[in-house]
Ligand code: PGA
Ligand code: ZN
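Residue numbers (the numbering used here): 388 to 803.
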């Protein structure tokens with residue numbers, strides 16, 4: 388960890404567009420000595436209720452209210468004057484100052500998007516000035532040895548990332564290869580065989596969803612899981628050996644009036660647990676994400692028990708990378724894996740705290756992108772630097788996703 392002080396000379400911001408064509412924010416940070424770096428932040432669509440607040444302009448006449456000009460202005464008119472000329476002994480010191488300047492627990496004053504952009508641009512500029520890689524900088528913050536995560540790649544999409552043609556949000560493939568290089572090659576084969584299968588089955592090439600996953604009109608979730616297994620087999624691989632599956636149920640988004648509206652059926656919490664147990668028994672799943680509603684605290688421990696020895700019980704909307712929620716989930720044994728998204732919490736240091744809490748509890752960690760991404764690749768450095776067990780970036784099409792995979796390839800090759 389750097390003991391020397393890092394002085395911010397200049398901060399500025401730009402409204403740019405994400406992979407859905409919606410505005411987001413990019414921050415430029417110059418340090419004393421002239422080293423300068425930038426970082427941009429992603430944005431979710433199937434968001435959890437406890438996420439830190441992403442500031443949007445709300446002007447219906449511009450980007451349908453989604454503009455980020457207020458975030459830019461907060462960065463340039465509030466944060467820049469307060470931070471320029473200030474020196475920081477660590478990332479934690481800067482992030483603490485950012486939280487202080489915002490003054491709210493949910494970042495609703497200046498915006499989590501605004502704060503995270505500064506936090507990451509500062510991280511990258513500091514790593515540059517210290518002549519270390521960004522992943523090394525990240526691993527020093529958390530004081531862990533870096534390690535390459537296993538990939539989880541979106542194959543089929545439904546829910547809010549597609550046309551809600553099936554209730555569940557993602558079925559992902561999880562290669563069991565030695566390297567990222569080999570993982571990508573086998574993922575390509577499965578993706579292509581799935582796309583060919585869709586052409587045969589539906590008579591047209593399937594349209595893709597927000598993260599590049601194939602989004603044909605499946606009738607139900609079981610069909611999606613079955614088709615994923617068939618695609619793996621047609622690619623010449625063995626499901627459960629060379630390739631596993633994962634599922635993001637994102638069930639908060641089809642929970643209506645205390646029932647899970649899953650594939651045309653209305654299920655109680657108990658029935659939902661039973662259904663997920665059946666999926667995990669029948670398919671080679673490594674994890675089930677958000678299998679239950681994000682506030683169904685009373686059912687989560689039971690789900691975790693029901694999936695024990697079958698697959699991980701992974702919390703995304705349930706935990707929102709929020710240290711308070713993670714602590715409560717640890718105390719109640721409500722899940723055993725954290726989906727970590729920095730913009731759910733708003734600064735790098737709070738993300739590090741979330742990761743630390745999960746690790747102390749013996750949980751697995753999945754570092755994840757958002758459905759609205761930019762071509763920035765810091766996520767790859769984060770997943771490697773924090774030695775995440777898995778990385779979740781979306782599909783292997785679309786450059787905002789490939790920026791991260793290609794960065795993982797670069798990191799991997801630097802260790803050859
Ligand atoms: P989001 O989806 O980025 O739209 O929230 C990703 C996920 O649910 O994992
Ligand atoms: Zn999710």
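By construction, the Cβ of each residue, glycine as well, lies at the ideal position given by its N, Cα and C atoms.
To the nearest angstrom, how far is the alpha carbon of residue 536 from that of residue 624? Against the chain shown, residue 536 aligns to sequence position 149. Against the chain shown, residue 624 aligns to sequence position 237. Between residue 536 and residue 624, the C-alpha separation is close to 21 Å.
Taking Cβ positions, are residue 754 and residue 741 nearer each other than 8 Å? Sequence index remark: in the chain shown, residue 754 carries index 367 (1-based). Sequence index remark: in the chain shown, residue 741 carries index 354 (1-based). No, they are not a contact pair.
Going straight from the alpha carbon of residue 388 to that of residue 527, what length do you get? Position 1 of the chain shown, counted from the first residue, corresponds to residue 388. Position 140 of the chain shown, counted from the first residue, corresponds to residue 527. Legend: pLDDT at residue 388 = 48, less than 50; position of this residue unreliable, no value from coordinates given.
Just how far apart, CA to CA, sit residue 477 and residue 606? Here residue 477 refers to the residue found at position 90 of the chain shown. Here residue 606 refers to the residue found at position 219 of the chain shown. Each residue's alpha carbon lies about 52 Å from the other.
Would you mind reading off the limits of the beta strand (DSSP E) that contains residue 778? To locate residue 778, count along the chain shown from 1; it is residue 391. That run of the beta strand (DSSP E) goes 777-781.
Below 8 Å between beta carbons: does that hold for residue 680 and residue 638? In the chain shown, counting from the first residue as 1, residue 680 sits at position 293. In the chain shown, counting from the first residue as 1, residue 638 sits at position 251. Contact: yes.
Which residue from 601, 495, 454 and 401 puts its Cα closest to that of residue 732? One-based indexing of the chain shown puts residue 732 at position 345. Comparing Cα positions, the closest option is 495.
Answer with buried or exposed for residue 572, where buried requires no fewer than 16 other C-beta atoms within 10 angstroms of its C-beta. Translated into positions along the chain shown, residue 572 becomes position 185. Answer is exposed; the Cβ neighbour count stays below 16.
Cβ neighbour criterion (16 or more within 10 Å) applied to residue 643: Here residue 643 corresponds to residue number 256 of the chain shown, with the count starting at 1. Exposed, because fewer than 16 other Cβ atoms sit within 10 Å of the Cβ of residue 643.
Measure the beta-carbon distance from residue 660 to residue 611 and round it to whole angstroms, keeping in mind my assumption that it falls under 8 Å. Reading the chain shown from its first residue, position 273 is the one you call residue 660. Reading the chain shown from its first residue, position 224 is the one you call residue 611. About 20 Å separates the two Cβ atoms, so there is no contact after all.
Roughly how many angstroms separate the alpha carbons of residue 531 and residue 522, rounded to a whole number? Here the question's residue 531 lines up with position 144 in the chain shown. Here the question's residue 522 lines up with position 135 in the chain shown. Spanning the two alpha carbons is a distance of roughly 11 Å.
Using a Cβ-Cβ cutoff of less than 7 Å, which residues in the same chain neighbour residue 691 once the five nearest sequence positions on both sides are dropped? Residue numbering aside, residue 691 sits at position 304 when the chain shown is read from its first letter. Cβ within range, chain order: 700, 720, 721, 722 and 723.
Using CA coordinates, which residue listed in 454, 629 and 413 is at the minimum distance from residue 506? To locate residue 506, count along the chain shown from 1; it is residue 119. Nearest option by C-alpha distance: 413.
Roughly how many whole angstroms lie between the Cα atoms of residue 490 and residue 468? As a working note, residue 490 is residue 103 in the chain shown. As a working note, residue 468 is residue 81 in the chain shown. Cα-Cα distance, rounded: 16 Å.
Euclidean distance between Cα positions of residue 462 and residue 399: Mapped onto the chain shown, residue 462 falls at position 75. Mapped onto the chain shown, residue 399 falls at position 12. Those two C-alpha atoms are separated by around 7 Å.
Cα separation between residue 702 and residue 542? Within the chain shown, numbered from 1, the residue matching residue 702 stands at position 315. Within the chain shown, numbered from 1, the residue matching residue 542 stands at position 155. Using only the alpha carbons, I get a separation of about 20 Å.
Does the beta carbon of residue 676 fall short of 7 Å from some heavy atom of the ligand ZN? Position 289 of the chain shown, counted from the start, is the residue given in the question as residue 676. Residue 676: yes, Cβ under 7 Å from the ligand ZN.
Helix, strand or coil: how does DSSP classify residue 492 here? Taking the first residue of the chain shown as 1, we reach residue 492 at position 105. In this structure, residue 492 counts as coil in the three-state DSSP scheme.
Is there at least one non-hydrogen atom of the ligand MN closer than 7 Å to the beta-carbon of residue 434? The ligand MN is not part of this structure, which contains only the ligand PGA and the ligand ZN.
Which of helix, strand or coil does DSSP assign to residue 389? Stepping through the chain shown from its first residue, residue 389 is reached at position 2. Any reading at residue 389 needs caution, since the residue's pLDDT is 45, under 50, leaving its predicted position unreliable; the model's value is listed next. The answer is coil: DSSP assigns residue 389 none of H, G, I, E or B.
Since residue 631 sits in a beta bridge, which residues does DSSP pair it with? Counted from its first residue, the chain shown places residue 631 at position 244. According to DSSP, residue 631 bridges with 561.
Tell me which same chain residues have a C-beta within less than 6 Å of the C-beta of residue 509, skipping the five on either side of it? Along the chain shown, one-based indexing puts residue 509 at 122. Taken in chain order, the residues that qualify are 416 and 481.
Could you check whether the Cβ of residue 726 sits closer than 7 Å to any heavy atom belonging to the ligand ZN? To locate residue 726, count along the chain shown from 1; it is residue 339. Yes - the ligand ZN has a heavy atom lying nearer than 7 Å to the Cβ of residue 726.
Measuring alpha carbon to alpha carbon, tell me which residue in 409, 765 and 792 is nearest residue 520. Counted from its first residue, the chain shown places residue 520 at position 133. The shortest Cα separation from residue 520 among 409, 765 and 792 belongs to 765.
Got a sec: does the ligand PGA put a non-hydrogen atom nearer than 7 Å to the Cβ of residue 637? Position 250 of the chain shown holds residue 637. Yes, the beta carbon of residue 637 sits closer than 7 Å to at least one heavy atom of the ligand PGA.
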